[in-house]
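Report on one structure; see the data block that follows.
Chains as they are written, first to last, in my numbering: chain D, 1 to 430; chain S, 431 to 685.
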């Protein structure tokens with residue numbers, strides 16, 4: 001049988017950044033599936049060299065406009081560990097609220113503006129708004145709440161300016177932070193409706209094996225720190241990441257991918273978090289999960305949207321509690337001395353585990369940087385999923401084939417801007 | 431009257447500036463009702479394509495494909511707007527413009543491979559005529575909405591590019607440089623953020639690029655007379671707006 005192009009999406013809509021997907025049937029063998037990322041590389045790891053550690057959180061936040069806090073926190077974790085700074089507990093709380101804000105904003109954006117149109121077979125959220133303006137307005141309210149939390153602590157929602165090694169530039173007063181509480185209460189009914197909406201969507205399903213990887217933190221459903229855990233029972237400190245996972249390259253993509261050192265692809269993100277840390281979800285989130293019969297472990301990528309909805313519920317509950325327990329820190333930032341060494345930092349970005357490591361010299365300048373974003377780790381899985389779906393895709397008409405294969409990619413809420421900017425370098429002269 | 435056809439395009443960037451459009455939660459549905467979305471890949475899979483009445487371009491131009499794409503979009507658009515620091519002044523990826531090619535080549539990893547990247551990442555205006563620039567890393571949501579409001583009325587928006595110092599003074603902040611010796615780009619950076627950083631007792635790091643009458647030489651010598659070394663000032667200017675003519679000139683002159 002000749003080669004036949006089954007699906008070629010061209011530049012894919014409703015993902016962050018630029019990529020395309022192609023499926024090519026080649027005789028009797030399994031079809032060739034390529035997630036081609038043509039987003040231009042921006043070489044952040046190279047341009048971080050020679051910068052001061054203190055500048056890094058503001059530089060790396062520019063890797064991604066959708067998850068800047070994740071980048072700031074992973075880098076801060078790395079440097080604070082190396083410099084031996086133990087930050088104030090209340091500052092840690094502020095960083096978490098900022099991070100919950102990012103989860104809420106990013107998940108709401110994904111659910112309503114990027115993913116829901118697939119499930120409803122419409123091109124975009126504008127079409128949903130025409131059918132159900134109230135639903136979209138409430139979704140936007142939720143999204144706005146995420147942004148308000150980020151602005152309350154970070155000054156602005158995209159590339160916040162308040163965090164620094166050792167703490168925070170300026171902590172909000174207890175009263176100022178409490179001003180988000182009425183808005184948190186106001187969205188309570190929206191959240192119920194949001195969850196009812198998401199669970200009513202007609203979902204395809206895909207049963208398959210997958211190694212799930214995420215952070216585990218004895219204190220909470222991991223977000224701002226933790227050890228690396230996996231569904232295979234692995235428990236690692238962040239410094240052991242590179243011994244157990246490696247990056248590799250394929251010729252058709254500008255983004256590096258990841259696999260375990262034993263060669264298997266793995267999955268990071270909401271399904272991994274739900275599966276490994278279910279017991280730490282907030283009571284309301286667990287109750288809703290029970291209501292629709294969702295139990296760990298989860299490996300069906302089409303269930304990711306449900307878990308993102310649950311994580312919004314969880315983040316709102318945690319935020320309400322943290323805001324109430326907040327006291328203005330006595331020491332918003334702790335002085336520190338730079339130290340030479342290699343350091344490692346991880347946190348749970350909305351899309352999954354985000355790993356940073358830096359080699360720092362005695363004057364506090366970066367000599368080497370390595371960043372492994374969640375979308376790069378999930379890339380191989382995305383292709384695997386599409387491959388597993390091909391029998392169904394081949395049996396569908398063109399529109400449905402395209403819809404199914406794009407959904408298989410959007411299940412991971414890929415942030416292509418993040419994934420691409422790490423290729424070390426390669427410049428061709430103009 | 432038919433609705434103006436809006437195109438939103440991404441070049442080399444972090445997505446943050448086009449996200450600012452979606453972040454205008456309160457006004458978004460009204461805005462989308464007043465325009466025809468001809469192309470906005472991040473928000474919609476429906477695209478009616480060229481021509482565009484207004485094209486918003488996020489990101490710097492850093493590959494051969496992007497050079498072709500920006501020339502094409504210019505031809506297809508009545509008004510072309512550069513959206514944010516990458517599009518107006520290169521963005522952080524433009525810091526590679528000063529790297530020695532050899533250094534980058536040594537860093538190739540894990541296999542030597544030529545990704546399709548040009549030697550330099552440059553602002554949009556280096557390739558085509560730009561009708562309007564919205565500054566900032568990220569852009570200001572307020573300015574973005576003011577831009578839409580004015581454009582939809584058929585008028586030209588105007589934004590002050592006076593120094594951050596004016597916003598800072600109005601916010602009632604004590605001056606970080608004078609009172610605390612903290613290096614701050616406020617005196618040479620355009621306003622637009624509302625003096626976010628100085629209001630948090632940290633120095634401005636230049637998100638909105640040079641102010642109207644930025645005198646970098648004078649300010650740098652004033653700072654260095656007070657003990658701030660030139661390399662620190664250089665690092666501050668080597669941010670998201672390094673390719674603005676004023677910042678670039680200073681960096682190239684002072685190393």
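All residues carry an ideal CB built from backbone N, CA and C; glycine is no exception.
Check: Taking Cβ to Cβ, would you say residue 11 of chain D is nearer than 9 Å to residue 20 of chain D?
Finding: As a working note, residue 11 of chain D is residue 11 in the first chain. As a working note, residue 20 of chain D is residue 20 in the first chain. Yes, they are a contact pair.
Next item on the list: Write down the C-beta distance between residue 409 of chain D and residue 15 of chain D rounded to the nearest angstrom, noting that I regard them as a contact closer than 8 Å.
Entry: Here residue 409 of chain D corresponds to residue number 409 of the first chain, with the count starting at 1. Here residue 15 of chain D corresponds to residue number 15 of the first chain, with the count starting at 1. Their Cβ separation, rounded to whole angstroms, is 7 Å, which keeps residue 409 of chain D and residue 15 of chain D in contact under 8 Å.
Item checked: For residue 392 of chain D, the first and last residue of its enclosing alpha helix (DSSP H) -> Sequence index remark: in the first chain, residue 392 of chain D carries index 392 (1-based). For residue 392 of chain D, the enclosing alpha helix (DSSP H) begins and ends at 374 to 394.
Check: For the alpha helix (DSSP H) that contains residue 439 of chain S, what are its first and last residues?
Finding: For this step, residue 439 of chain S is matched to residue 9 along the second chain. No alpha helix (DSSP H) contains residue 439 of chain S, which is instead part of the beta strand (DSSP E) from 435 to 440.
Next item on the list: Could you tell me how far apart the beta carbons of residue 574 of chain S and residue 451 of chain S are, in whole angstroms, since I believe they sit closer than 8 Å?
Entry: Taking the second chain and counting its residues from 1, the one referred to as residue 574 of chain S is at position 144. Taking the second chain and counting its residues from 1, the one referred to as residue 451 of chain S is at position 21. About 7 Å; that satisfies the 8 Å criterion.
Notebook entry, point to check: For chain S, is any of its Cβ atoms less than 9 Å away from the one on residue 58 of chain D?
Noted result: Locating residue 58 of chain D in the first chain gives position 58, where the first residue counts as 1. Closer than 9 Å to some Cβ of chain S, the Cβ of residue 58 of chain D qualifies, so yes.
Next item on the list: Please go through the same chain and pick out, in chain order, the residues whose beta-carbon is closer than 6 Å to the beta-carbon of residue 464 of chain S, but skip the five residues on each side of it.
Entry: In the second chain, the residue the question calls residue 464 of chain S occupies position 34. So the qualifying residues of the chain are 582.
Next item on the list: For the segment 628 to 650 of chain S, enumerate the residues whose C-beta is nearer than 9 Å to any C-beta of chain D, in chain order.
Entry: 629, 630, 631, 632, 635 and 637
Item checked: Start and end residues, beta strand (DSSP E) containing residue 247 of chain D -> As a working note, residue 247 of chain D is residue 247 in the first chain. From DSSP, the beta strand (DSSP E) with residue 247 of chain D extends over 245 to 248.
Notebook entry, point to check: From residue 433 of chain S to residue 466 of chain S, what distance separates their C-alpha atoms?
Noted result: Within the second chain, residue 433 of chain S is the residue found at index 3, counting from 1. Within the second chain, residue 466 of chain S is the residue found at index 36, counting from 1. Each residue's alpha carbon lies about 6 Å from the other.
Notebook entry, point to check: How far does the beta strand (DSSP E) with residue 482 of chain S in it reach, from first residue to last?
Noted result: Walking along the second chain from the start, residue 482 of chain S turns up at place 52. Note, residue 482 of chain S: beta strand (DSSP E), 482 to 488.
Notebook entry, point to check: Are the beta-carbon atoms of residue 91 of chain D and residue 335 of chain D separated by less than 9 Å?
Noted result: In the first chain, counting from the first residue as 1, residue 91 of chain D sits at position 91. In the first chain, counting from the first residue as 1, residue 335 of chain D sits at position 335. No, Cβ-Cβ distance for residue 91 of chain D and residue 335 of chain D is not below 9 Å.
Check: How about residue 386 of chain D: is its C-beta nearer than 9 Å to some C-beta of chain S?
Finding: Translated into positions along the first chain, residue 386 of chain D becomes position 386. So no, residue 386 of chain D is outside the interface.
Next item on the list: Spell out whether any CB of chain S is found under 9 Å from the CB atom of residue 371 of chain D.
Entry: Locating residue 371 of chain D in the first chain gives position 371, counting from the first residue. It does not; no Cβ of chain S falls within 9 Å.
Next item on the list: For residue 352 of chain D, write down the residues that DSSP places opposite it in a beta bridge.
Entry: Here the question's residue 352 of chain D lines up with position 352 in the first chain. For residue 352 of chain D, which the question treats as bridged, DSSP gives the partners D:349.
Next item on the list: Using a Cβ-Cβ cut-off of 9 Å, state whether residue 595 of chain S counts as contacting chain D.
Entry: On the second chain, position 165 is the one that residue 595 of chain S refers to. So no, residue 595 of chain S is outside the interface.
Item checked: For residue 197 of chain D and residue 127 of chain D, the rounded distance between their alpha carbons -> Translated into positions along the first chain, residue 127 of chain D becomes position 127. Translated into positions along the first chain, residue 197 of chain D becomes position 197. Each residue's alpha carbon lies about 16 Å from the other.
Margin query: Give me the subset of the segment 469 to 493 of chain S whose CB atoms are less than 8 Å from a CB atom of chain D, sorted by chain position.
Written below: Listed in sequence order: 471, 472, 473, 474, 475, 476, 477, 492 and 493.
Item checked: According to DSSP, residues forming a beta bridge with residue 36 of chain D -> Reading the first chain from its first residue, position 36 is the one you call residue 36 of chain D. Note: residue 36 of chain D is bridge-paired with D:20 in the DSSP secondary-structure output.
Next item on the list: Look at the Cβ atom of residue 407 of chain D, then the Cβ atom of residue 241 of chain D, and state whether they are nearer than 9 Å.
Entry: Your numbering for residue 407 of chain D matches position 407 in the first chain. Your numbering for residue 241 of chain D matches position 241 in the first chain. Cβ atoms of residue 407 of chain D and residue 241 of chain D: not closer than 9 Å.
Margin query: Please classify residue 103 of chain D as buried or exposed, where buried requires at least 16 other C-beta atoms within 10 Å of its C-beta.
Written below: Counting from one through the first chain, the residue named residue 103 of chain D turns up at place 103. With 16 or more Cβ atoms within 10 Å of its Cβ, residue 103 of chain D is classed as buried.
Note to self: Please tell me whether, using a cut-off of 8 Å, the distance from the CB of residue 158 of chain D to the nearest non-hydrogen atom of the ligand ADP is below it.
What the structure shows: Ligands displayed in this structure: none; no statement on the ligand ADP is therefore possible.
Notebook entry, point to check: Out of curiosity, what's the CA-to-CA distance linking residue 621 of chain S and residue 248 of chain D?
Noted result: The count along the second chain starts at 1 and reaches residue 621 of chain S at position 191. The count along the first chain starts at 1 and reaches residue 248 of chain D at position 248. Taking the straight line joining both Cα atoms gives about 43 Å.
Note to self: If I follow the unbroken alpha helix (DSSP H) through residue 186 of chain D, where does it start and stop?
What the structure shows: Counting from one through the first chain, the residue named residue 186 of chain D turns up at place 186. That run of the alpha helix (DSSP H) goes 181 to 186.
Notebook entry, point to check: Within the 9 Å Cβ cut-off, does residue 556 of chain S reach chain D?
Noted result: Taking the first residue of the second chain as position 1, residue 556 of chain S is located at position 126. No, residue 556 of chain S lies away from the interface with chain D (no Cβ there is under 9 Å from its Cβ).
Next item on the list: Could you tell me which chain D residues have their CB closer than 8 Å to the CB of residue 576 of chain S, listed as they occur along the chain?
Entry: In the second chain, counting from the first residue as 1, residue 576 of chain S sits at position 146. Ordered by position in chain D, no residue passes the 8 Å Cβ test against residue 576 of chain S, which lies about 17 Å from the chain.
Item checked: Cβ-based burial, residue 224 of chain D [other Cβ within 10 Å; buried from 16] -> Locating residue 224 of chain D in the first chain gives position 224, counting from the first residue. Counting Cβ neighbours within 10 Å, residue 224 of chain D comes out buried, since at least 16 surround it.
Check: Are at least three pairs of beta-carbons, each pair with one atom in the segment 375 to 387 of chain D and one in the segment 246 to 261 of chain D, less than 8 Å apart?
Finding: yes
Margin query: Could you pull the DSSP bridge partners for residue 509 of chain S from this structure?
Written below: Numbered from 1 along the second chain, position 79 holds the residue referred to as residue 509 of chain S. Residue 509 of chain S is bridged to S:484.
Margin query: So the candidates are D:100, D:124, D:38 and D:341; which of them puts its Cα closest to the Cα of residue 459 of chain S?
Written below: The residue you call residue 459 of chain S lines up with position 29 of the second chain. Residue D:124 is the option with its Cα nearest to residue 459 of chain S.
Next item on the list: Determine the burial state of residue 501 of chain S: buried for a count of at least 16 other Cβ atoms within 10 Å of its Cβ, exposed for fewer.
Entry: Here residue 501 of chain S refers to the residue found at position 71 when the second chain is read from its first residue. When all chains shown are included, residue 501 of chain S counts as exposed.
Next item on the list: On a CA-only basis, which of S:453, S:664 and S:673 is nearest residue 52 of chain D? Give me that one, please.
Entry: As a position in the first chain, residue 52 of chain D is number 52, starting the count at 1. Comparing Cα-Cα distances from residue 52 of chain D to each of S:453, S:664 and S:673, the minimum goes to S:664.
Item checked: 9 Å Cβ cutoff met for residue 361 of chain D and residue 385 of chain D -> Start at 1 with the first residue of the first chain, and residue 361 of chain D comes out as number 361. Start at 1 with the first residue of the first chain, and residue 385 of chain D comes out as number 385. Against a cut-off of 9 Å, the Cβ pair of residue 385 of chain D and residue 361 of chain D comes out as no contact.
Checklist line | Identity of the residues DSSP links to residue 491 of chain S by a beta bridge | finding: Translated into the one-based positions of the second chain, residue 491 of chain S becomes position 61. In DSSP, residue 491 of chain S forms a bridge with S:552.
Item checked: Endpoints, the beta strand (DSSP E) within which residue 562 of chain S is located -> Looking up residue 562 of chain S in the second chain gives position 132. Counting along the chain, the beta strand (DSSP E) containing residue 562 of chain S begins and ends at 562 to 564.
Next item on the list: Using the DSSP secondary-structure output, state which residues sit across from residue 568 of chain S in a beta bridge.
Entry: Working through the second chain from its first residue, we reach residue 568 of chain S at position 138. Paired residue(s): none; residue 568 of chain S is not in a bridge.
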